[in-house]
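Just so we're aligned, residue 295 is where the sequence shown starts under the working numbering, counting upward by one. C-beta atoms are modelled at their ideal positions from N, C-alpha and C, and glycine is treated no differently.
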Amino acid sequence: MTHKIDQSIIRNQNRAHILKAFRANQIIQKKDLVEHLNLSITTVTTITKQLLDEGLIEMVGFSESTGGRKPLVFQFIKDASVAFGVDISPHTMHIIMVNLCSEIIDQEKMTYEDTPIEDLLESLKGMIHAMLKKHQYTMDRCLGVGLSLPGIVDSDQKQLIHAPNLNTHVYDFQSFSQMLGCEVFVENEANVAAFAELILGDARAVDHAVFVSISEGVGCGIISDHKVVKGTYHKAGEFGHMRVSSAPHTCRCGRSGCWELYASESALLNAYRQHSDNPKLELDDFFAAYEKDEHEVQGILKAYLEDLMVGVENIMLGLDPQVIIIGGKIISRLRHAVPDLNVLLKERHHTIFSAENKVMFSQMSPFSALVGSSLLPLKEMFGF
Ligand SMILES: [Zn+2]
């Protein structure tokens, strides 16, 4: 029995390795699969035949022979199936439909206020069905829907455990999967963003990294040994709620002194509104004032960066990752205003950190979580 299980795991791994090679290269000679993936000719022949039968690859001819039979050449049919990624945040829902190479086929965004999650999912169902119909796909060609959620998530049980920002607490997505007629995958926003950085972004070439997602709150995804670490009770990476101050301000978690009270997008906006004595100002106003070189605004950003770096330091000291990637919704504006964050890090405690410890802005943000959610349905197929 054990032998049978082991064989099927190996077969699935070999199939995933071959599909991953097709995803990366699109057109591949059969002999290259044998040589580069270190697989037997029999294994490659069996799996490529399956993939041909399933309509995932097609034969596109023969390459030049260097003697003997001409090598077969296959092409990946990247539009054979699709997957959906959905980033659900407190006020917006962004959805993308991607092909097997993660190319975006279509996308849509909706905004809302105080909408119950059941109503949001009803809207999402309509958007998914409409997109499939528009691009002439049937549901059996949809590998699934990945959801990025701003809260504590049990991805194995498909449950949202705690999400005060979403107007809901415990929510079971099994019923949404049945209602939709395809598999649904759920993951915490910071974890799924870290996953996107690991597969396609700035963490591809490193073994240990931490993704810090800055939006209304602060969440983190930990990458260790090239895997996203979720902890025993799905709460790993909740650095947004580590205490960095004894000030009595209350956090949405019910405690006080949490890092996100100082490092979140809301923290920067609140500081600006308080300074200007105008509760209607937005972050666009802040960065417009910053561009105009207004002295007080420069001071607010400097103080914010100081608080941001306190948490970055603590994470660096606790986990010693090769890189801390700062991402989230604020980044597209922050990266234009802020110099190299490594300078700020080294200025603070240059003797503690090694020269190799780096901090950087995510190149994929603000879309890391969205891209990551679309990778969830592809995870098993490509062995990510
Ligand atoms: Zn807190």
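Distance cut-off 8 Å: residue i Cβ against heavy atoms of ligand 1
i      : result
Leu613 : no
Cys552 : yes
His456 : no
His535 : yes
Leu602 : no
Leu555 : yes
Cys395 : no
Cys547 : yes
Check whether residue i and residue j have beta carbons under 9 Å apart
i      : j      : result
Val604 : Val653 : no
Ser626 : Ala488 : no
Ser659 : Ser507 : yes
Ala597 : Ala565 : yes
Leu437 : Glu477 : yes
Glu402 : His385 : no
Gly515 : Val486 : yes
Gly481 : Gly440 : For the record, residue 481 in the displayed sequence is Glu; it is not Gly. Result yes, Cβ atoms of Glu481 and Gly440 sit closer than 9 Å.
Leu345 : Arg309 : yes
Met404 : Met391 : no
Gln320 : Gly677 : no
Ala377 : Val665 : no
Ser449 : His520 : no
Ser570 : Ile620 : no
Asn651 : Pro615 : yes
Ile399 : Met433 : no
Ala318 : Leu331 : no
Glu483 : Pro444 : yes
Leu681 : Ile382 : No statement about residue 681 is possible, as the shown extent of the chain runs from 295 to 678 and does not include it.
Leu670 : Phe470 : no
Leu394 : Ser417 : no
For residue i, three-class secondary structure by DSSP
i      : result
Gln657 : coil
Leu313 : helix
Glu352 : strand
Leu454 : strand
Leu731 : Outside the displayed range of the chain (295 to 678) lies residue 731, so it cannot be described from this structure.
Gly666 : helix
Leu331 : coil
Phe676 : helix
Glu732 : An answer regarding residue 732 cannot be provided, because it is not within the stretch 295 to 678 covered by the chain.
Tyr431 : coil
Ala503 : strand
Phe470 : helix
Ile303 : helix
Met295 : Low confidence applies here, because Met295 scores a pLDDT of 47, under 50, leaving its location unreliable; read the following figure in that light. Met295: coil per DSSP, three-state reduction.
Val324 : Looking at the sequence provided, one finds Lys at residue 324 rather than Val. Lys324 falls in the helix class under three-state DSSP.
Lys343 : helix
Ser560 : helix
Asn308 : helix
Val464 : coil
Glu483 : helix
Pro671 : helix
Short CB-CB distance (under 9 Å) between residue i and chain B
i      : result
Asp326 : Going by chain labels, chain B is absent from the structure shown, which holds only one protein chain.
Subject >> Unbroken stretches of the beta strand (DSSP E), 3 residues or longer, contained in the segment 372-426 >> reply: Segments of the beta strand (DSSP E) lying fully in the segment 372-426: 376-382, 386-393, 398-405.
Original post:
Along the chain, which unbroken stretches of the beta strand (DSSP E) at least 3 residues long are found entirely within the segment 570-645?
Top reply: 617-621
**OP:** Entirely within the segment 526-558 and at least 4 residues each: give me those alpha helix (DSSP H) ranges in chain order.
**Re:** 554-557
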